[in-house]
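Residue numbers (my numbering): 121 to 407. One structure is given here, and the rest of the page talks about it.
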């Protein structure tokens, strides 16, 4: 089987490459090898690779900066997604497109199912939703997987930011009234491979199991990093409200995703987010 990864330089792209099934002929292209914002480059890359599976792990993910760069965010998250889907369709490749919990705005009391109404708030969220629409229009057989709170041992993410701040400070302040689920990039990558090989299509949800606030996540990072031997002194984690930490782009208040249908396809639930956080800390320790 031949597979193409676009966005191979990011944390999910690297995880997809690291978890590729045995025998996979893999073409992994980072931004320098294929700028997804250039439709000609996308078409040429897909035509040259002629993959059976195409993973779009590339996106504009600077949530706050998107408020001042709406054209760039739309070009990479919406226009490029449609161009990639069209190229995949023309090549006969199964497309796996990654989307986000941000398409659900406002408040909720129960996990969001794939068919629930969306209400994206902010430029990033709206461009990611537009990307979903572009993909579905260009390739009705595409697989769109919404996920949330991705982190990995390498790359810019909440875990690594917290570890840096905890090395510098005696106290960190973290929002406690936004609820979701942390997701290890390697866990998501394994699920994407399994879903693609199983022929899944349409919109699916995948995160690790469990629920957390950003504060809960930060407390776990503090504890697990010390348990793994990455740090040797405790740091106080202080809960704050979203209103106390203003940022340019709105965040979903509750964006826990309903994964039950996806987990049924995969044969069972994902590991709990804290279990995978512990694995990530071990990986960081061994780097």
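Note that the Cβ used here is the ideal one computed from N, Cα and C, for glycine as well. Since the structure is predicted, the reported quantities are computational estimates derived from the model, not experimental observations.
With residue i and residue j assumed to form a contact (beta carbons below 8 Å), what rounded beta-carbon distance in angstroms separates them?
i	j	result
residue 121	residue 143	7 Å
residue 140	residue 313	7 Å
residue 345	residue 268	The Cβ separation is near 21 Å, so there is no contact.
residue 385	residue 320	6 Å
residue 360	residue 295	6 Å
residue 194	residue 262	Not quite, the Cβ-Cβ distance comes to about 19 Å (not below 8 Å), so this is no contact.
residue 167	residue 123	Actually they are not in contact, since the Cβ atoms of residue 167 and residue 123 sit about 15 Å apart, beyond 8 Å.
residue 198	residue 130	Not a contact, Cβ separation roughly 18 Å.
residue 226	residue 236	In fact, because the Cβ distance is near 11 Å, the residues do not count as touching under 8 Å.
residue 179	residue 196	6 Å
residue 264	residue 132	Not confirmed; about 14 Å, so no contact.
residue 163	residue 128	18 Å between Cβ atoms; not a contact.
Go ahead and label residue i buried or exposed: buried means 16 or more other beta carbons lie within 10 angstroms of its beta carbon, across all protein chains shown.
i	result
residue 358	exposed
residue 310	buried
residue 380	exposed
residue 365	exposed
residue 372	buried
residue 230	exposed
residue 152	exposed
residue 288	exposed
residue 342	buried
residue 354	exposed
residue 145	exposed
residue 126	buried
residue 138	exposed
residue 291	exposed
residue 272	buried
residue 308	buried
residue 266	buried
residue 186	buried
residue 407	exposed
For residue i, which residues does DSSP report across the bridge?
i	result
residue 304	271
residue 214	173
residue 125	148, 175
residue 374	299
residue 359	294
residue 405	Residue 405 pairs with nothing; no bridge assigned.
residue 220	267
residue 394	Answer is none; residue 394 lacks a bridge partner.
residue 232	377
Give the straight-line distance between the Cα atoms of residue i and residue j, rounded to the nearest whole angstrom.
i	j	result
residue 215	residue 302	24 Å
residue 391	residue 328	6 Å
residue 220	residue 336	21 Å
residue 212	residue 218	19 Å
residue 258	residue 388	31 Å
residue 334	residue 279	10 Å
residue 347	residue 297	26 Å
residue 111	residue 254	Outside the modelled stretch of the chain, which goes from 121 to 407, sits residue 111, for which no answer is possible.
residue 135	residue 285	25 Å
residue 156	residue 352	42 Å
residue 403	residue 395	13 Å
residue 243	residue 174	26 Å
residue 397	residue 274	13 Å
residue 349	residue 316	37 Å
residue 369	residue 183	7 Å
residue 200	residue 158	8 Å
residue 318	residue 325	15 Å
residue 323	residue 260	11 Å
residue 277	residue 399	16 Å
residue 147	residue 356	44 Å
residue 190	residue 234	26 Å
residue 161	residue 210	15 Å
residue 248	residue 181	9 Å
residue 338	residue 282	7 Å
residue 245	residue 393	24 Å
Do residue i and the ligand PLP come close, with the Cβ less than 8 Å from some heavy atom?
i	result
residue 336	What this structure holds is no ligand at all, so the ligand PLP is not there to describe.
Within 9 Å of any Cβ in chain D, is that where the Cβ of residue i sits?
i	result
residue 211	Of the chains in the structure shown, none is chain D; there is only one protein chain.
Could I get the ranges of all uninterrupted beta strand (DSSP E) runs contained in the region 171 to 206, with 3 residues as the minimum, in chain order? For secondary structure counted as the beta strand (DSSP E) over 3 or more consecutive residues, the region 171 to 206 holds these complete runs in sequence order: 173 to 176.
Which runs of the alpha helix (DSSP H) at least 4 residues long sit entirely within the region 235 to 273? Give them in chain order. 243 to 258
If we require 3 or more residues per run, which beta strand (DSSP E) segments fall completely within the region 282 to 357? Counting only runs of 3 or more, we get 291 to 295, 322 to 325.
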